[in-house]
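Here is the structure we will look at.
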Amino acid sequence: MSASPVARQATNCQNIPSRRVVINDASQLPQDYSTTPGGTVYSTTPGGTCEVLG
């Protein structure tokens, strides 16, 4: 059985404004770093690829 037509459609992505901040120790990060208000965990690779774990 193939995926539904909706599942095969590409999603529209938008760039999220960002800024660089120097962090010297992991304790400087908030506890909910890289989670959305809904609880989805996300991260980026060194190459900039976004990874979403939901």
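Per UniProt numbering, residue 1 is the first one in the sequence shown, and the count goes up by one each step. We treat Cβ as the ideally placed atom computed from N, Cα and C, and that holds for glycine.
Taking 6 Å as the limit between beta carbons, can you name the residues of its chain near Leu-53, skipping five residues before and five after? Excluding positions up to five away in sequence, the list reads Val-41.
Locate the beta strand (DSSP E) running through Tyr-42, then write down its first and last residues. 41–44
I'd like the span of the beta strand (DSSP E) that includes Leu-53, first residue to last. 50–53
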